Amino acid sequence: MMTDQAGEVAWARLTAAEIQGRAAAATVVVIPVASIEQHGPHLATGVDMWLASAVAERTARKLVAAGTPALVTPCVWSGLAEHHMPFGGTITLDVDSFAAVVGGVARSVARHGFRRIALVNGHGGNTEAIATAAIELTRSLGVPVVGVTYWQANADTFGAILETQPNVMHACEAETSMMMAVQADCVRPENIARAVPKRATPPAPPGFKRHRGFAEMTDTGVLGDPRAASAEKGERLLEAASTRLAEELARPELWA
1 MMTDQAGEVA WARLTAAEIQ GRAAAATVVV IPVASIEQHG PHLATGVDMW
51 LASAVAERTA RKLVAAGTPA LVTPCVWSGL AEHHMPFGGT ITLDVDSFAA
101 VVGGVARSVA RHGFRRIALV NGHGGNTEAI ATAAIELTRS LGVPVVGVTY
151 WQANADTFGA ILETQPNVMH ACEAETSMMM AVQADCVRPE NIARAVPKRA
201 TPPAPPGFKR HRGFAEMTDT GVLGDPRAAS AEKGERLLEA ASTRLAEELA
251 RPELWA
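The sequence shown runs 1 to 256 under the numbering used here.
Structure representation (structure tokens):
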């Protein structure tokens with residue numbers, strides 16, 4: 001029996017020949033990038049992986065629905081998470097290893113003839129490294145590589161949805177809501193109340209950067225208040241994020 005894969009966007013669900021058949025100049029290949037790390041007592045360690053993958057897949061589907069061919073690769077699940085190590089459960093790479101892994105995936109995509117590559121980041125600790133990778137890979141590959149951290153591109157839309165915080169923090173109202181929407185079995189509702197930190201130090205203000213381990217910032221591994229989370233709110237956040245990314249990635253000017 002023949003199967004119709006015309007609407008499939010997941011790279012890993014297609015054969016090599018099917019992937020090569022989509023290697024047109026206008027095809028956008030979305031590479032989700034994340035981390036495996038502690039997310040307090042109420043969320044599983046795969047939060048960033050699940051959410052980056054969900055945003056990337058929804059983005060790719062919206063692109064295709066609007067007439068822009070797109071694929072999404074499996075998530076690069078290990079990132080820069082040294083600041084979470086004291087709480088346990090975290091897997092981290094160093095900067096050079098992270099750049100090598102992300103670069104290897106992007107180079108493989110480019111070698112197959114794709115000419116539009118988007119790195120969609122779902123972990124705060126990767127933000128600067130993803131921006132650098134996009135710049136360096138564009139130079140070395142001769143192919144435009146765009147880097148974006150999905151909540152930073154959605155500060156206005158997320159701020160309008162969230163009740164207790166302006167944007168994504170960590171294991172917070174936003175991330176807990178989105179996990180309730182896409183991976184509810186990875187949420188431990190009975191632990192949400194005790195996830196709220198009794199001691200919390202906000203990160204450096206916008207425009208400033210310094211290293212501070214999460215054990216210095218919060219006693220629970222959480223920043224924000226997950227008690228305000230809901231699956232309905234998570235669905236709205238995911239839709240807002242993927243809508244914004246699809247709109248931007250469809251613009252020819254971004255790739256010119």
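The beta-carbon is built from N, C-alpha and C at its ideal position, and this holds for glycine as well. Just so you know, these numbers come straight off a predicted model, no measurement behind them.
- Just measuring C-alpha positions, the residue of Pro144, Glu37 and Leu162 sitting nearest Glu173 is Leu162.
- Within the segment 64-108, the beta strand (DSSP E) runs of at least 3 residues that lie entirely inside it are, in chain order, 70-72.
- Ala171 and Ala16 have their C-alpha atoms some 37 Å from each other.
- Boundaries around Gly159 are those of the alpha helix (DSSP H), Ala155 to Ile161, since no beta strand (DSSP E) includes it.
- The beta carbons of Thr90 and Ala99 sit no closer together than 7 Å.
- DSSP places Thr149 in the strand class (E or B) of the three-state scheme.
- In the same chain as Ala129, and ignoring 5 residues on each side of it, the C-beta atoms closer than 7 Å to its own belong to Leu80, Val95, Phe98 and Ala99, in chain order.
- With respect to Phe214, His83 sits close: the two C-beta atoms are nearer than 7 Å.
- Pro32: member of the beta strand (DSSP E) spanning Val28 to Val33, first to last residue.
- In the three-state reduction of the DSSP assignment, Leu14 falls in the coil class.
- About 4 Å separates the CB atoms of Thr59 and Ser242; that is less than 8 Å, so the two are in contact.
- In the DSSP annotation of this structure, the continuous segment of the alpha helix (DSSP H) that includes Ile130 starts and ends at Thr127 to Leu141.
- Using a Cβ distance threshold of 7 Å, Leu51 and Val9 do not count as a contacting pair.
- Collapsing the DSSP output to three states places Ala200 in a strand.
- The continuous beta strand (DSSP E) containing Ile117 extends over residues Arg116 to Asn121.
- Here Ala231 really is in contact with Ala181; their C-beta atoms are around 5 Å apart, less than 8 Å.
- Fewer than three pairs of CB atoms, one per stretch, sit closer than 8 Å, so the segment 183-194 makes no contact with the segment 134-151.
- Gly234 places its beta carbon less than 7 Å from that of Met178.
- The C-beta distance from Arg111 to Val28 rounds to 17 Å, too long to meet the 8 Å contact threshold.
- Ala6 counts as exposed, since fewer than 16 other beta carbons sit within 10 angstroms of its beta carbon.
- In its chain, beyond the 5 residues on either side, Trp151, Pro166, Asn167, Val168, Ala174, Leu237, Ala240 and Ala241 have a beta carbon closer than 8 Å to the beta carbon of Phe158.
- Val187 sits in a strand when the DSSP states are folded into three classes.
- Per DSSP, the continuous alpha helix (DSSP H) segment holding Ser242 begins and ends at Ala231 to Leu249.
- According to the DSSP assignment, Pro226 belongs to no alpha helix (DSSP H), since it is labelled neither H nor E.
- When C-alpha distances from Ser35 are compared across Gly122, His42, Glu190 and Gly221, the shortest belongs to Gly122.
- In the three-state reduction of the DSSP assignment, Thr218 falls in the strand class, which pools E and B.
- The straight-line gap separating the alpha-carbon atoms of Leu14 and Pro74 is approximately 12 Å.
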